[in-house]
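Position 12 of the sequence shown, counted from 1, bears residue number 12 in the UniProt record's numbering, the numbering being contiguous throughout. Glycine included, every Cβ here is placed at the ideal spot set by N, Cα and C. Below: one structure, written as structure tokens.
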Amino acid sequence: MIHAACVFNITTREQSIYLNGLPDGINIPTSPLLVFMGNAIIGNNPTFVPLEGTNVFQGYIDKLTVSRRPKSAYEILEEATLAARFPFDNTTILVDFGPNAVSANASSYSILTNGHSLQAIGFNGSMSYFQTWGFTQFIQKWSSTNGRNLYVNNIVVDSQPSTTTFAASGITPNYVTLANSLLGSGSCGVVAINSNNSFIGGVDDFRIYSRELSATDVCALYLG
Numbered sequence: 001m002i003h004a005a006c007v008f009n010i011t012t013r014e015q016s017i018y019l020n021g022l023p024d025g026i027n028i029p030t031s032p033l034l035v036f037m038g039n040a041i042i043g044n045n046p047t048f049v050p051l052e053g054t055n056v057f058q059g060y061i062d063k064l065t066v067s068r069r070p071k072s073a074y075e076i077l078e079e080a081t082l083a084a085r086f087p088f089d090n091t092t093i094l095v096d097f098g099p100n101a102v103s104a105n106a107s108s109y110s111i112l113t114n115g116h117s118l119q120a121i122g123f124n125g126s127m128s129y130f131q132t133w134g135f136t137q138f139i140q141k142w143s144s145t146n147g148r149n150l151y152v153n154n155i156v157v158d159s160q161p162s163t164t165t166f167a168a169s170g171i172t173p174n175y176v177t178l179a180n181s182l183l184g185s186g187s188c189g190v191v192a193i194n195s196n197n198s199f200i201g202g203v204d205d206f207r208i209y210s211r212e213l214s215a216t217d218v219c220a221l222y223l224g
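What follows is the structure in structure tokens.
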């Protein structure tokens with residue numbers, strides 16, 4: 001799947017194209033943008049003659065959004081790579097506000113009214129969990145180039161650059177579970193992360209990205 005974005009800044013006349021959140025082309029024309037009132041056509045446009053190639057689009061479009069303002073490069077990167085987001089606010093505890101609308105379930109949780117941003121989900125003991133196919137920020141990022149890094153409140157607390165391979169569970173889909181291990185194991189699989197106790201506390205916001213976050217991204221999320 002490809003995420004494509006086109007941005008036109010009417011003030012600077014800059015035209016930008018982004019593919020999967022990254023800049024792919026920039027142009028500043030000498031003449032102003034010529035537009036007319038009417039319907040926007042996607043696919044075969046018989047009134048348009050391209051300079052090269054054809055004017056027929058063949059494929060699927062899952063989502064189309066039109067904004068009345070030019071979006072920043074950071075906004076486009078966020079939209080292109082955000083895979084899931086659960087803000088854990090009141091009646092939308094199990095609603096994914098990301099682009100994929102992934103399923104989620106939870107048990108024995110409470111709603112905390114004093115979250116970092118609006119409400120938060122509270123885990124109360126050994127029966128509490130959330131699962132999807134003060135305020136403390138935890139970010140763990142991994143890539144085959146830089147290995148694994150764990151951030152707590154914008155500070156790198158653990159780094160394993162040699163961890164450049166990732167072993168999935170071997171089943172489809174892979175699950176992400178918060179608060180408790182539903183397998184009832186005393187530790188996290190075969191790795192040396194002890195998880196003998198249940199997590200008790202609140203989670204205000206949970207996000208999954210399809211890319212490795214940079215240190216600047218982590219800082220922006222922490223300050224935001």
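Run through the DSSP bridge pairs and tell me what proline 23 is partnered with.
Tyr18
Which residues DSSP lists as bridging aspartate 5, in chain order:
The question names aspartate, but residue 5 in the sequence shown is alanine. Answer by DSSP bridge pairing, in chain order: Tyr18.
State buried or exposed for proline 32, treating a residue as buried only when at least 16 other CB atoms are found within 10 Å of its CB.
exposed
Which residue from Ala101, Asn90, Arg68 puts its Cα closest to that of alanine 83?
Ala101
Judging by CA-CA distance, which residue of Ala179, Asn153, Ile10 is the nearest neighbour of proline 29?
Ile10
Suppose the cutoff is 7 Å on Cβ atoms and the five residues either side in sequence are ignored; what does the same chain contact list for isoleucine 200 look like?
Phe123, Asn124, Gly125
Per the DSSP calculation, aspartate 158 is bridged to which residue(s)?
Leu150
Report the option in Ser210, Gly115, Asn105, Asp158 whose CA atom is closest to the CA atom of asparagine 180.
Asn105
Assuming leucine 112 is part of the beta strand (DSSP E), what are its boundary residues?
109 to 112
Could you tell me if valine 156 is buried or exposed, where buried requires 16 or more neighbouring beta carbons within 10 angstroms of its beta carbon?
exposed
Considering only residues of the same chain and omitting the five flanking positions on each side of isoleucine 208, which have a CB-CB separation below 6 Å?
Ala83, Ala84
Can you look up phenylalanine 135 in the DSSP assignment and give me helix, strand or coil?
At phenylalanine 135 the pLDDT is 49, less than 50, meaning the model places this residue with poor confidence and gives no usable figure here.
In the DSSP assignment, what residue or residues form a beta bridge with valine 176?
Thr132
Can you tell me where the alpha helix (DSSP H) with tyrosine 222 in it begins and where it stops?
215 to 223
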